[in-house]
Every structure is written in C-alpha cells, then in structure tokens.
Amino acid sequence: VSVLVGAPKANTTQPDIVEGGAVYYCAWPAARCRQIPFDNTNNRKIKVNGTREPIEFKTNQWFGATVKAHKEKVVACAPLYHWRTLKDSPEKDPVGTCYVAIQNFSTYAEYSPCRNSNADPEGQGFCQAGFSLDFYKNGDLIVGGPGSFYWQGQVITASIADIIANYSFKDILRKLAREKQTGVAPPSYDDNYMGYSVAAGEFTGDSEQELVAGVPKGAQNFGYVSIINSSDLTFIQNFTGEQMASYFGYTVAVSDVNNDGLDDILVGAPLFMEREFESKPKEVGQVYLYLQESAFLFRDAQILTGTEVFGRFGSAITHLGDLNQDGYNDIAIGAPFAGEDRRGKVFIYNGYSNGLNTNPSQVLNGAWASQSMPSGFGFTLRGDSDVDKNDYPDLIVGAFGAGKAVVYRARPVVTVNAQLILNPMIVNPDNKTCQLPGSQLLVACFTVKVCADFEGQSISYEIVLKGELQLDSLKQKGAVKRTLLFDYHQSHHYFSIVMERQKQLYCQDFLVYLRDETEFRDKLSPININLNYSLDESSFEDSLTVKPILNYYQKSSLTEQAYILVDCGEDNLCIPDLQLSAMPDKDQLIIGEENCVMLIINPRNDGEGAYEAELHIRIPPEADYTGVERNNKALRVLSCDYKMENETRMVVCDLGNPMVAGANFSTGIRFSVQHFENADLSINFELQIKSSNKINPTSNLVNLHINISAMAQVQIRGVSHPPTIILPLHNWEPKDEPTKEEEIGPLVEHIYELHNIGPSAINNTVLRVGWPVSSREEFLLYILHIQTHGPLHCQTSSPINTMQIKFAIPQDTPELAAFLYNSTISHYIRRRDVTVAEPLRKNTAKILNCTNVKCVLISCTVGQLERGKSAALKIRSRLWAQTFLERKNDLYTLSSNVSFEVKSMPYKVQPAKLPKGSIAIRTSVIWSTPNVSFVIPLWVIILAILLGLLVLAMLTLALWKCGFFDRARPPQDDMADREQLTNNKTTDA
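Shown next, in the form of structure tokens:
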C-alpha cells in the first residue's frame, strides 16, 4: 500500500514550467517519496504567422490540487491549467486538465473535457475541470467544473477506458464517445458553482450509482446539493442550505453511516455563522448528515456545529470506514483553521444506528503554527484505506501551508467483556465465619469474583488488563467504608489479569469482610462494589508500533451491590410508617421577654424498622438552639447536634438505628427566641423524621407556628423643683431690666422622664411640653435653658431667653440625678419659720396653664428606648417675680402639661394600640408674713398673775380643810408592848 500526495505548488523537471505542481508516490513504510511522471513535457506549441507560440500554459496550473485513486487507477488534476483558444484574438482560458495513470503508472493519458472550441466565460473557457473529482464504484470518473457557463458550473463523467484508449499526446482537442456533461442553464443559474464538490452514491434503489454535486452559491447564495442521475445527468433531488453565504455544498461525501445498507449524504457549510441571542454572529461552520431511509427519501438533517470561530469546520469530510469495529462507519471532518495559532483540527465522529454521535470520539490537532500562511491541517482528508495492513482503516490528513501530509494509523480495538460476581449478595452480620489474619476476631464475609475475556480484529497476542476494585464506593472520601478486603484491610485494590487468548474467560477471587456494626451507622443502603479496568499498554511488545486501545464506546467499569441483612422480613426490605406530632409550650412570644420555647415532640414508628432515623428541625432565623430538656422524666433525652445544611440552620437528633417498630415517645427541645428585627407575625419551626429506608423514608412534615406580639408599658412622670414659691422674697429687690438670672426671680425647674417599662422596645416617640411663659405681655416662667438626657432631640415653637439673660452653665443637679434613678428628692432649701396669714388661707389659687395663658410648645422626638431605659427633659426657668409681686396676696398655680405618643416600635410586628399619655406638673406661688411678734399689755400680765395666785390659794385652803395635809400615826399602847417584849429578851440573854 502506498500514499499519494498532491503538491500543486511543486516544481518539476518540465522545461520552462514554474510551480506546475506534482503528485508524489510514498510507498509504505518507506521514508521518502518520489514524483510520479504524469507529464514531463513543456507547453505544447503551434506555429502562428511563422512563429511558434505556446498553445497551453502549465505554469501555476496547480497540478495535484485534486488526486483520486480507485483500485489501480490514479487521476490527478490541474484546475488552473490554461490553454490558448482557437479564436482570431486568442486568450488564455483556465479550462483545467487531468491526467490518468494505470497499471502501476506504466500508462498515462491526459483528459481535458473543457478544452474545446466552446471558449470564453459564456462557454467552458473558465471551466476549471478537475476542481473536484471522484469515482463511481465501476471505476468511471466524475469531474467537477464549477466555472463553466458564466460560473454556472457543470459535472462531467467519462470512462477511464475511453480516456486511455487511442490516446495521443498530439490530439489536443478530443471528444470521448461516452462522455456526459451537464449543459448550460438559464442566466438565473449564473455564479452557482455547480461541481465545486462531487461524490458518488446509490439513492434510487436501482443498484446504479448516482452522482452528488455541491452548488455552494446556488439558491440565491443559500447553496444546495443535487443528486444527479448518472445515466443522463438529469437532476433528481436537491438539498438546500439554511443560511445565506454559508457555502453549503463546499464539500460533499457519501457513506453508509448507520449500516442500513443505504448510502447517506454529508454536506459541509464551513462559513455557517451561529447567531446567539443578543451577540454578534460567530462563523463556526456546520456539517449536515442526510440519512437515506429508502429510495428518494431522506430523514431531516442531523447537524454537527463547529465550536471554534473561523475554524472552517466542514471544509473537508471523508468516509473513514469502521474504526472501532462496532459495525458502523465513522466520519472525519476537517477544521483547517481551528485550534491554537490556527494550526487546524480534525474531528472523528463515530456512527451508530441513528447517525453520528454528536460528540467527537477523538480530535486530531495540527502540529505546525502559522507562519506566512496557516498550515491548513485538515484542509484535505482521505480515509478508508488500510495503510499498515492491520485490518483497520487509516486516515491521511493534508496540511498545505506546512507542506505536510500526515498518516494516522488506526489502533486495534479491544472489546473486553468483564463480569463482577458477589457471593452472597446479602451479608448476615451475625454469621461471622471468617477469622481475620493474625487475630482471633471473627467477621462476616463474602466473595467478589472478577472475570473477563476479550476479542478484537487481528489481535493474536496476550492482553493484560489492569483492574481497580473499590469497595463501598458510594461512601464519600473520609467516610467509614463498611467493607474491607480480607487480605489487605483496605477498601481499594489494584490488580492485573493476563488474558492469553481471545474469548476465553479469566477470573480472580477476592475475599471481603464486613466491619463490626459498632463502627458504622448505615445498615440499609447497598454496598457498592465498583470495578474499573483498562489495558496495560506497558505489557505490549515493543515491536507493536500501534498499540491496541479499549473500545471507546464500551464501559470500562462495572458495579454490583451487596446488602446487609436487616430485621425486615423475608424480603429484607424495611417499610417504616413514621409519624410525627409536636406542640410548643407557649402559643405566643412577646418581643423583649426572655422567650424560651420548648417544643414537645412525639415521634413514633407504626411500621418496620427505620434505619438511621433522625429528627430534623429547621430553626427559624429568630431562634437559637439551646439544648435538650433534661429535667423532665416524662421526656426522653435525645442526642442532638446543631448543623448547617445548604445554608439552613438545623437541629438533627438521633432517633435510633434502627428506630424499631412500635417506637413511641416524647422529647423536649429548647430554643431561645430573641432576634425579632425582621420577624413577621409568627415564627415557624419545620420538623420531620428522615431515615435511609428506600420506601417511606420520611414522616409527615410538621409546621409549628408561634405568634409574635409587641407590647410596651410606657410611663411619663415629672417633678417641679421647688414645688412651691413663697412670696415675698427675702432680701430681693426687683429691677426693671434684669440682666442676670438672679435678678428675675427664684429658680424653677421642671423635670420630665419618659420610662419604658417594657417588655418591648419603643421607637419614634413624640414628647410635647406646654410651658406657661407669659400672660398679658407679662412673663410668668422665663425659660433659660432646656437640657435633655438620653435619645431625645427637642425644639421650641418660639425662641427662648429672648432678653439674652446671662445664666450659669447648666449642670446635672443632684435633684435631676436622683429623679432619674428613682431616688427620693431631698429638699436642699434651709428651713425658715413662716406663718401664712389667715386671710390668705381662705383664698383659692388660680391655675395658670396653656388654656388661659400664652405657652411655648416644646416638641421632642425620642429615639429607640429598650426595656428599662428612659429619656429625660429638664427645663430650667426663673419665676418672673415682678409679675406676681404686683398682685399681692394672690395665690397661683403654674401648670406645665407634658404628653407623649409612641408612633411605632422597631419591629415588623406592631401592637393594635400604641402607648400614649399625659400629666401636668405644677408649681405653686403663695404669700406669707415671716417673723411676726404680738405685744401684750402689762396690766394683762399682772392681772393674769394675780388671778393665778388667787386660784392657787383657794385650792390650798380646800385641800387643808379636807385633811390633805394631816399625817397618819400608829396606836400608843401597841408601841409600849413592843418595847416591853424587847427588854425581856435582852434580860434573858
């Protein structure tokens, strides 16, 4: 077998011919190629007016641009061959020419069907015969001439035997008897380029092949492909492109892709532009496959689209034959300007029953970067030739820019039939019959048998299969593998199987044991045993230059499953019936309180065992998990963990492995609910039991809703300091135009406090104070300064201290501090004795407030107040004493009114009624006469003394008369007797 390579820019030994082109013969596996001497002559000449002038022009004729071989026939063409017409004013017309070689290049003949008297563009003067070329299966030749008839184009067929017969080099104008040509069409077909590509196939069901011609600029530049009857060159059927200027028909190929015995047509459109949504079109190229279903009937096109912009996918298409020995023909498609540095690519697509697999099985990359021009790797393709005689078709790829032709030899395909057998498939963990090596420990075990055989075309040597055994392969990395290899104590093992002959089964056994049940939880899911295998290429002999490869479309892995025997009846299939109910220990949460919630949960299983049963609780954003209730003996204590699953906070509690049939108990899970910033009207807990059982793995989903409410008790209180002003003032004289605050009158301070008792916080509260400032253009309480404490911002309805009175820098007084801390307000004024005149006590004090005097409105906005927090307002003023001194002995009560209204709370949840309230703080102004003395006349005093003495004398006389002053004594005789007795006693002694 040899390789023919066209070199259309090559120089030859032809005299005076520059870059006429050549065809090289490359015998396999020789390293060098030689030119085939199709034509060694110079340009033929004729005598014109006594001068010999050339009648043909072979320089730059591109001989070798098209080369085809069929059995022992080789045809090579020069589509840019020119000849001198026979007109009176001769011109050079690119009619094109071809050369035929037969009998191992022993006989040559030229064939130029357009070199005739029908010259010029309107005839066949620009025919460019040989631009495309193919053979019928009987060996007849098909030639495309896309430039004939104002570039309408044409196709020409001829017999190789006729071309060879009676051929003479001197016979320039030659007409073959059985030659057929398509004729001229109406002018609307101008510039269609029929014959740009040609191929042969059978599409009419008569066993006679038809020819297929590409017309890339026909159908108003949409392009089309025509099926033409080979007998009379009449048109049978057209396939039209779907996009203008895509060059549909640039190349055509015929192959039975789906192995149904009917030829299929492939058409390239290398300039097809893919239009993506809202983006610029991208020129990627397309290939269309038309599967023939019966005579004259084709399926809708299967479309393969290129992936690289400007790669010209579909510039070349060739039938490869059955590369992977699956019974379906394969196709190669060239994209000569794709890839890195426009090096070019060739895509291999494998056939199957419904066409071509949409993903290429292999991509060949060009090795030559663009220099002065792209390498064009994949611009031409030839397949379905077994160059190295290994019974597999090979592929030849041309790279015109690099001056290279690359032969890709197909690797033998090995089809491996592997088996994975488990015995037994259900492992009883209680049946511990295997003793671990070097240990007294008994374990449950089973056998894994790996068997394989192989087959492949022309493979007479042994094949070594590399195997990889993975136990419990579905368990993720780091998870506990439930089974281990008996001899290696590993879950992973590599091994080899040597297969010496085709279609003979080779096996290996591996003993596998089950870990102790305390080492893993999952008893229900299957134990996946996975086998991966590949060819050990290092085992092939070095003499094999092309080493076998595994069948691309055959799986190189097997999986079988073993099961752990569980208490689930004869079918070893557990079907639980999981039920769940739950309730919270409170039905309402008030924002601001501690809000500890316990969910009382009742899981139960009314069916068979539930393995790896877990209680899953989705925690709402407002709550935090605090633990399991442990102080209630009626509630079971579970093992629970906090977890994050897909950015969702969960509490997962173990319910048993298995959760046995009939299980029914209650448990308590505690949560703290504090995050109410974005809370809605309620919070929601989702609860569900989940298990690893295949059937009925979960319980009913329970949604627990707990209502949220906001509530705050807000208190407003105040004090006047001092509460009473007593007039007149001691050591004080009024001034007409006071400049200092002491010159106005006594200090009067009102302190107001807004206190949030809670439990919820308040926000956006308005505090208003009505302050009696004047009456009839006379000042009452003259405001000097307003002081705030806490998140309080105030403004007045009119300016204060309009007289620019100088006042001391205000400081927090002990009274203000004591008030804010709920202390008793001490009275710091020194006590003095006063007496309120009797007439004043009978007068009623006149109340002065905003209903009868002019007031200043002080409006304050209060920021957020949490539970137990306060905001205070202190108004420092002076009683305008002159106003009251002018109304001597009149009593007054000065009353400031303070009110508040909460506008909102800092939550989405708002109460039905927001707090509000008001109070009045009063300061009394009274009159008194200090240090008053009453003078008593002297005669009154003397008379009082005399009267006192007289009363005393009369009282003394009365007492004397009554014997008050007489003393009581004992009788005299008794005393004598006592004396006598005493004397007698003394004498006796």
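So the sequence shown is numbered by the numbering used here: it starts at 1323 and just counts up by one. Backbone N, C-alpha and C define an ideal beta-carbon position, used for all residues, glycine too. Model, not experiment: these values are computed from the prediction.
Original post:
When burial is assigned at 16 or more other CB atoms within 10 Å of the CB, is Glu1435 buried or exposed?
Top reply: Along the sequence shown, read from residue 1 onward, the residue named residue 1435 stands at position 113. A small correction: the amino acid at residue 1435 is Pro; Glu does not occupy that position in the sequence shown. When all chains shown are included, Pro1435 counts as buried.
**OP:** Assign Ser1454 to buried or exposed, taking buried as 16 or more other Cβ atoms, counted over all protein chains shown, within 10 Å of its Cβ.
**Re:** Taking the sequence shown and counting its residues from 1, one reaches residue 1454 at position 132. Classification of Ser1454: buried, given that the 10 Å Cβ count is 16 or more.
**OP:** For Val1802, name the three-state secondary structure that DSSP assigns.
**Re:** On the sequence shown, residue 1802 is found 480 positions in, with the first residue counted as 1. Of the three classes helix, strand and coil, the one that applies to Val1802 here is coil, per DSSP.
**OP:** Decide yes or no for the touch test of the stretch 2101-2121 against the stretch 2177-2186: beta carbon pairs closer than 8 Å, at least 3 of them.
**Re:** yes
**OP:** Hey, could you find the ends of the beta strand (DSSP E) Ser2313 is sitting in?
**Re:** As displayed, the chain neither begins before 1323 nor continues past 2311, which places residue 2313 out of reach and without an answer.
**OP:** Measure from the C-beta of Ile1625 to each C-beta in chain B and report whether the shortest distance is under 9 Å.
**Re:** Absent from the structure is chain B; it holds one protein chain and no more.
Original post:
How close, in whole Å, do the beta carbons of Val2088 and Thr2183 come, if the pair is a contact with beta carbons under 8 Å?
Top reply: Position 766 of the sequence shown holds residue 2088. Position 861 of the sequence shown holds residue 2183. Contact holds; Cβ gap of about 6 Å.
Original post:
So which of His1815, Glu1413, Asn2015 has the shortest CA-CA distance to Val1982?
Top reply: For this step, residue 1982 is matched to residue 660 along the sequence shown. Checking every option, the nearest Cα to that of Val1982 belongs to Asn2015.
**OP:** Say whether the stretch 1580-1599 touches the stretch 1672-1681, bearing in mind that this needs 3 or more beta-carbon pairs closer than 8 Å, one atom from each stretch.
**Re:** yes
**OP:** Return the residue from the list Arg1837, Met1821, Pro1715 that minimises the CA-CA distance to Leu1758.
**Re:** Taking the first residue of the sequence shown as 1, we reach residue 1758 at position 436. It is Arg1837.
Subject >> Length of the line joining the Cα atoms of Glu1841 and Ala2001 >> reply: What you label residue 1841 is simply residue 519 of the sequence shown in a count that begins at 1. What you label residue 2001 is simply residue 679 of the sequence shown in a count that begins at 1. Each residue's Cα considered, the two are about 44 Å apart.
**OP:** Leaving out five residues on either side along the sequence, give the residues of the same chain with a beta carbon under 6 Å from the beta carbon of Val2158.
**Re:** Here residue 2158 refers to the residue found at position 836 when the sequence shown is read from its first residue. Below a pLDDT of 50, predicted positions are generally treated as unreliable, and Val2158, at 46, falls in that range; no measurement from the model is reported.
**OP:** Identify, in the order they occur along the chain, each residue of the same chain with its Cβ nearer than 6 Å to the Cβ of Pro1521, setting aside the five sequence neighbours on each side.
**Re:** The residue labelled residue 1521 in the question sits at position 199 within the sequence shown. Correcting the residue type first, residue 1521 is Ala in the shown sequence and not Pro. Here the set comprises Asp1456, Val1534, Val1574, Ala1575, Val1576.
Subject >> Helix, strand or coil at Thr2146 [DSSP, three-state] >> reply: Residue mapping note: residue 2146 aligns to position 824 of the sequence shown, counting from 1. Residue confidence is low: Thr2146 scores 38 on pLDDT, short of 50, so the model does not pin down where it sits. Its coordinate-derived value is still stated next. If DSSP states are grouped into helix, strand and coil, Thr2146 belongs with coil.
Original post:
Three or more beta-carbon pairs under 8 Å between the stretch 1893-1904 and the stretch 1960-1973, yes or no?
Top reply: no
**OP:** Would you mind listing the alpha helix (DSSP H) stretches within the stretch 1494-1535 that are 4+ residues and don't spill past its ends, in chain order?
**Re:** none
Original post:
Between Glu1598, Ser1692, Gln1357, Tyr1612, which lies nearest to Cys1335 when the distance is taken from Cα to Cα?
Top reply: In the sequence shown, residue 1335 corresponds to position 13, counting from 1. Sequence check: residue 1335 is Thr here, not Cys. Checked all of Glu1598, Ser1692, Gln1357, Tyr1612; the closest Cα to Thr1335 is Gln1357.
Original post:
Looking only at DSSP bridge pairs, what is Cys1756 linked to?
Top reply: Here residue 1756 is taken as the residue at index 434 of the sequence shown, counted from 1. Bridge partners of Cys1756: Val1765.
Subject >> One or two residues paired with Thr1429 in a DSSP bridge >> reply: Against the sequence shown, residue 1429 aligns to sequence position 107. According to DSSP, Thr1429 bridges with Ile1424.
Subject >> DSSP three-state assignment for Trp2054, whether helix, strand or coil >> reply: By one-based count along the sequence shown, residue 2054 stands at place 732. Correct three-state label for Trp2054: coil.
Original post:
Is it true that the stretch 2045-2064 meets the stretch 2258-2274, where meeting means three or more beta-carbon pairs spaced less than 8 Å apart?
Top reply: no
Subject >> Spatial distance of Ala2280 from Leu2272 (CA atoms) >> reply: Taking the sequence shown and counting its residues from 1, one reaches residue 2280 at position 958. Taking the sequence shown and counting its residues from 1, one reaches residue 2272 at position 950. The alpha-carbon atoms of Ala2280 and Leu2272 are separated by roughly 12 Å.
**OP:** Compute the Euclidean distance between the alpha carbons of Tyr1430 and Arg1665, then round it to the nearest angstrom.
**Re:** By one-based count along the sequence shown, residue 1430 stands at place 108. By one-based count along the sequence shown, residue 1665 stands at place 343. Spanning the two alpha carbons is a distance of roughly 37 Å.
**OP:** Hey, could you find the ends of the alpha helix (DSSP H) Ala1398 is sitting in?
**Re:** Start at 1 with the first residue of the sequence shown, and residue 1398 comes out as number 76. No alpha helix (DSSP H) holds Ala1398; the beta strand (DSSP E) holding it covers 1395-1400.
Subject >> Per-residue DSSP class, three states only, for Asp1585 >> reply: Looking up residue 1585 in the sequence shown gives position 263. The answer is coil: DSSP assigns Asp1585 none of H, G, I, E or B.
Original post:
Out of curiosity, what's the CA-to-CA distance linking Leu2076 and Leu2102?
Top reply: For this step, residue 2076 is matched to residue 754 along the sequence shown. For this step, residue 2102 is matched to residue 780 along the sequence shown. Rounded to whole angstroms, Leu2076 to Leu2102 spans 26 Å at the Cα level.
Original post:
To which residues does DSSP link Thr2020 through a beta bridge?
Top reply: Within the sequence shown, residue 2020 is the residue found at index 698, counting from 1. Answer is Lys2012.
Original post:
What is the DSSP secondary structure of Met1566, counted as helix, strand or coil?
Top reply: Here residue 1566 refers to the residue found at position 244 of the sequence shown. Correct three-state label for Met1566: coil.
Subject >> Pick from Val1995, Glu2008, Glu1598 that is closest to Thr1970, judged by C-alpha positions >> reply: For the purposes of this step, residue 1970 is identified with residue 648 of the sequence shown, where counting begins at 1. Cα-wise, what sits closest to Thr1970 is Glu2008.
Original post:
Among all the DSSP beta bridges, which residues are the ones paired with Gly2270?
Top reply: Position 948 of the sequence shown, counted from the first residue, corresponds to residue 2270. Answer is none; Gly2270 lacks a bridge partner.
Original post:
Does the pairing of the stretch 1781-1789 with the stretch 1801-1811 give three or more beta-carbon distances under 8 Å?
Top reply: no
Subject >> Endpoints, beta strand (DSSP E) assigned at Tyr2104 >> reply: Walking along the sequence shown from the start, residue 2104 turns up at place 782. Segment 2103-2111, the beta strand (DSSP E) holding Tyr2104.
**OP:** Express the C-alpha separation of Gly1914 and Asn2219 in angstroms, rounding to a whole number.
**Re:** One-based indexing of the sequence shown puts residue 2219 at position 897. One-based indexing of the sequence shown puts residue 1914 at position 592. Approximately 30 Å between the Cα atoms of the pair.
Original post:
For Ile2079, which residues of its own chain have a beta-carbon under 8 Å away from its beta-carbon, when the five flanking residues on both sides are left out?
Top reply: Counting from one through the sequence shown, the residue named residue 2079 turns up at place 757. The residues are Ala2034, Gln2035, Val2036, Gln2037, Arg2189, Gly2190.
Subject >> 8 Å CB neighbourhood of Leu1911 in its chain, flanking five on each side removed >> reply: Translated into positions along the sequence shown, residue 1911 becomes position 589. Excluding sequence neighbours, Leu1911 sits near Asn1917, Val1919, Val1995, Ile2005, Ile2028, Asn2029, Ile2030, Ser2031.
**OP:** Helix, strand or coil for Gln2204, going by three-state DSSP, please let me know.
**Re:** The residue labelled residue 2204 in the question sits at position 882 within the sequence shown. Three-state result, Gln2204: helix.
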